[in-house]
Amino acid sequence: MSQKDQNIVRTTIKKRISVSQKRQITIPIEFFKSIGIDKEVDCYIHNNSIIIRPVREDMGEFDEEILADLISQGFSGQELLTRFKQARNSIRPAVESLLKEAHLAAEGKTPFATYEDIFGSKDN
């Protein structure tokens, strides 16, 4: 089991907390520690619930592919570093855009392609 999997809370813990006049809440310390919140959280509304998740810094899942591509394009030195940072910073917005599009497609609010549309039917 990876360190990341060990930090996942697999039970439901409920605690009632107050909301201030400024619409602020204080996250209980045991929640804060158990899910590894650092300085920022992402907030979502899903099925009439507010979901709060810790922001995870990019762990470099695509670093090797980005570097290989940039090196194959002939970049090196400072230009390689600059281009690498730009490419790495564009990953999160791209993934968020894909997730938003997937949610809209799941709700029937945007057109989407099926498996067969992309790869053809098994008979072909």
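Sequence positions in the sequence shown follow my numbering and run 25 to 148.
For glycine and all other residues, C-beta sits at the position ideal for the given N, C-alpha and C.
What you are looking at is a predicted structure, and each value in this text was computed from that prediction instead of being measured.
Report task. Could you work out which residue in V79, A137, S145, H127 is closest to F56 when comparing CA atoms only? Result -> Per the Cα distances, V79.
Query raised in the report: Measuring CB to CB, does I49 end up less than 8 angstroms from V43?
Result: Closer than 8 angstroms, so yes.
**Report entry** D29 burial status per 10 Å Cβ neighbour count (16 or more: buried)
**Finding:** Because D29 sits at a pLDDT of 49, beneath the cut-off of 50, its placement in the model cannot be relied upon, and the following sentence gives the value as read from the coordinates. Exposed is the call here.
Report task. Can you give me the Cβ contacts of E64 inside the same chain, cut-off strictly under 7 angstroms, excluding the 5 residues immediately before and after it? Result -> V79.
Requested in this report: Keeping to the same chain, check which residues put their C-beta closer than 7 angstroms to that of S109; ignore five residues upstream and five downstream.
Outcome: Going by the sequence as given, residue 109 is Lys instead of Ser. Around K109: no qualifying Cβ.
Query raised in the report: Around the Cβ of A69, are there at least 16 other Cβ atoms within 10 angstroms (buried) or fewer (exposed)?
Result: Correcting the residue type first, residue 69 is Ile in the shown sequence and not Ala. A residue is called buried once 16 or more other Cβ atoms fall within 10 Å of its Cβ, and I69, having fewer, is exposed.
Query raised in the report: Can you list the alpha helix (DSSP H) stretches of 4 or more residues lying completely in the segment 49 to 89, in chain order?
Result: Those alpha helix (DSSP H) runs which fall completely within the segment 49 to 89 and span 4+ residues are 53 to 58.
**Report entry** Distance, K133 Cα to I90 Cα
**Finding:** Near 33 angstroms, if we compare the C-alpha coordinates of K133 and I90.
Requested in this report: Reducing DSSP to helix, strand and coil, say where I37 ends up.
Outcome: In this structure, I37 counts as coil in the three-state DSSP scheme.
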